[in-house]
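Chemist: Residue numbers (my numbering): 402 to 807. C-beta atoms are modelled at their ideal positions from N, C-alpha and C, and glycine is treated no differently.
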Ligand code: AMP
Ligand code: MG
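Structure (structure tokens):
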């Protein structure tokens, strides 16, 4: 049996980032850039006004003999248009926010600091002097043409999308999303539309895993349920060969019908199949052909916990991310952990911020078949191996499930 850390290390050593594709910007959120983003234009592309006001020559704004400057207004320039004549000595032009500064002007005075005679006024009086450059956003203030603005390897979020749109990148090169196949195993497993009959249970794992994959922005395909026969598993694995990752549940412990391991040996390899943790000891990792296979335990809670610990970082690494793991924080366990176990124990808990620190409450019966222990859980408490006792008020590390990776 290997430790959680060793398992993760062995898994990640076999996973590499997938290939590069071009995608429309609108579908690029969450993906990793496969190209440096160079500004082909300076941004802003032209000097423009930061305010609604009047464009003028700053030296014309000085008061004379105690009298405020009084300028002749020769026209106006709105956003989206350019002035058809320059600013000359003693003149000003009405200007709107975002409009190009007319030639000759070197400052804008905001409208609130002027007196004038309505929208068509032929004059303006300034209540203040303005310095050169006042309220002017120079060309290239934000980005310079030729500059690398976003580096390859960056995850595309809303800020990046805003910049890419500004620079006219309607299509971007990214690392493609993995395609994930999900396979349930077991003669006892029926689909969710079917009524229960003696000995049968419904397939919760495939649907839960699909939802967990989708939460990361990746599509998953359910391949149904393989029976506990070598033939049925072989047929399902043939179908799975076009995917980037195969997730199975069940069939990897030591029972006579746990055949996933046999097929991995026959058609690929087994890197390991047991981890020193609870829940989720029977986790197999290896391949079918060249395709990585993560064999999760059948018990639903084990399946959920081991997907978060091992499946999630696989998907992150395939997408070219460098930060792969969910963050951990110290939490005070309000109610303590009822069981003492020798393996590394991942305890479902609800964590919240209260009075300057994080507090956790466990979510009840921690059996690996107790799906209701997942409800309310937004974290796993990490209880070290060796029979560590966690009493009420003790502090432990918690892995935060709904936080972005740290
Ligand atoms: P196994 O690892 O195949 O021995 O399965 C361990 C436990 O998980 C058994 O009680 C199975 O019935 C249950 N189980 C396996 N697959 C599923 C599934 N897809 N949905 C719900 N429970 C499952
Ligand atoms: Mg089974």
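(1) At what residues does the alpha helix (DSSP H) containing residue 772 begin and finish?
(2) Assign residue 447 to one of three DSSP states: helix, strand, or coil.
(3) Out of 414, 732, 419 and 454, which has the shortest C-alpha to C-alpha gap to residue 579?
(4) Under 7 angstroms between the Cβ atoms of residue 450 and residue 496?
(5) Do residue 688 and the ligand AMP come close, with the Cβ less than 6 angstroms from some heavy atom?
(6) Go through its chain and collect everything with a Cβ distance to residue 802's Cβ below 8 angstroms, but skip five positions before and after it.
(7) With DSSP collapsed to three states, give me the class of residue 646.
(8) Under the three-state reduction of DSSP, which class applies to residue 802: helix, strand or coil?
(9) By DSSP's criteria, residue 564 is part of a beta bridge. Which residues make up the other side?
(10) Can you give the Cα-Cα distance for residue 511 and residue 494, rounded to whole angstroms?
(11) To test your reading of the DSSP string, which unbroken alpha helix (DSSP H) runs of 4 or more residues are found completely within the segment 547-599?
(12) Would residue 619 pass as a contact of residue 716 if the rule is Cβ separation under 7 angstroms?
(13) Who does residue 781 pair with in a DSSP beta bridge?
(14) Given a threshold of 16 other Cβ atoms within 10 Å of its Cβ, counted over all protein chains shown, does residue 723 qualify as buried or as exposed?
(15) Would you kindly work out how many angstroms separate the C-alpha atoms of residue 770 and residue 570, rounded to a whole number?
(16) How long is the line joining the alpha carbons of residue 454 and residue 540, rounded to whole angstroms?
(17) Alpha carbon to alpha carbon, how far is residue 744 from residue 788?
(18) Roughly how many angstroms separate the alpha carbons of residue 465 and residue 471, rounded to a whole number?
(19) Between residue 749 and residue 775, how many whole angstroms is the CB-CB distance? I'm expecting something under 8 angstroms.
(20) Whose CA, out of 567, 719 and 766, lies closest to the CA of residue 439?
(21) Can we count residue 404 as close to the ligand AMP, meaning its CB is less than 6 angstroms from some heavy atom?
(22) Does DSSP put residue 731 in a helix, in a strand, or in coil?
(23) Do residue 604 and residue 582 have their CB atoms nearer than 7 angstroms?
(24) With a threshold of 6 angstroms, establish whether the CB of residue 604 neighbours any heavy atom of the ligand AMP.
(25) Go through its chain and collect everything with a Cβ distance to residue 793's Cβ below 8 angstroms, but skip five positions before and after it.
(26) Output needed for residue 714: all residues of its chain with C-beta closer than 7 angstroms, excluding positions within five of it in sequence on either side, in chain order.
(27) Suppose only complete runs of 4+ residues qualify. What are the alpha helix (DSSP H) ranges in the segment 404-470, listed by chain order?
(28) Could you say which of 678, 458, 696 and 553 lies nearest to residue 686 if we only look at CA atoms?
(29) Decide if residue 473 is buried, meaning its Cβ has at least 16 other Cβ atoms within 10 Å, or exposed.
(30) Hey, is the segment 496-506 in contact with the segment 478-485, meaning 3+ C-beta pairs nearer than 8 angstroms?
(31) In three-state terms, what does DSSP make of residue 527?
Modeler: Inspection of the coordinates gives the following:
(1) Unbroken run through residue 772: none, as it is neither H nor E.
(2) DSSP places residue 447 in coil when its eight states are reduced to three.
(3) Nearest C-alpha to residue 579: 419.
(4) Against a cut-off of 7 angstroms, the Cβ pair of residue 496 and residue 450 comes out as a contact.
(5) Incorrect: residue 688 has no Cβ contact closer than 6 angstroms to the ligand AMP.
(6) Excluding the 5 residues flanking it on each side, residue 802 has same chain C-beta neighbours closer than 8 angstroms at 709, 727, 778, 779, 780 and 781, in chain order.
(7) In the structure shown, residue 646 falls within a strand segment according to DSSP collapsed to helix, strand and coil.
(8) Assigned with DSSP and collapsed to three states, residue 802 falls in coil, not helix or strand.
(9) BP columns for residue 564 are empty, so no partner.
(10) Taken atom to atom, the span from the alpha-carbon of residue 511 to that of residue 494 is near 12 angstroms.
(11) Counting only unbroken stretches of 4 or more residues, the alpha helix (DSSP H) elements lying wholly within the segment 547-599 are 559-567, in sequence order.
(12) Yes, these two residues count as a Cβ contact at 7 angstroms.
(13) Secondary-structure assignment with DSSP links residue 781 through a beta bridge to 749 and 800.
(14) So residue 723 ends up on the exposed side.
(15) The C-alpha of residue 770 lies about 49 angstroms from the C-alpha of residue 570.
(16) One alpha carbon belongs to residue 454, the other to residue 540, and they sit about 19 angstroms apart.
(17) If you take the alpha carbons of residue 744 and residue 788, they lie about 7 angstroms apart.
(18) Roughly 10 angstroms between the two C-alpha positions.
(19) At roughly 6 angstroms, the Cβ-Cβ gap stays under 8 angstroms, so residue 749 and residue 775 are in contact.
(20) Relative to the Cα of residue 439, the nearest Cα in the group 567, 719 and 766 belongs to 567.
(21) Every heavy atom of the ligand AMP is 6 angstroms or more from the Cβ of residue 404, so no.
(22) Correct three-state label for residue 731: strand.
(23) The beta carbons of residue 604 and residue 582 sit no closer together than 7 angstroms.
(24) Yes - the ligand AMP has a heavy atom lying nearer than 6 angstroms to the Cβ of residue 604.
(25) Once the five neighbours on either side are set aside, the close Cβ partners of residue 793 are 734, 735, 736 and 737.
(26) Within the same chain, and ignoring the five residues on either side of residue 714 in sequence, the residues whose Cβ sits closer than 7 angstroms to its Cβ are 409, 413, 725 and 726.
(27) Correct list: 405-414.
(28) That would be 696, whose Cα lies nearest to the Cα of residue 686.
(29) Exposed, since its Cβ has fewer than 16 Cβ neighbours within 10 Å.
(30) The segment 496-506 makes contact with the segment 478-485: 3 or more CB pairs, one atom from each, lie closer than 8 angstroms.
(31) Of the three classes helix, strand and coil, the one that applies to residue 527 here is strand, per DSSP.
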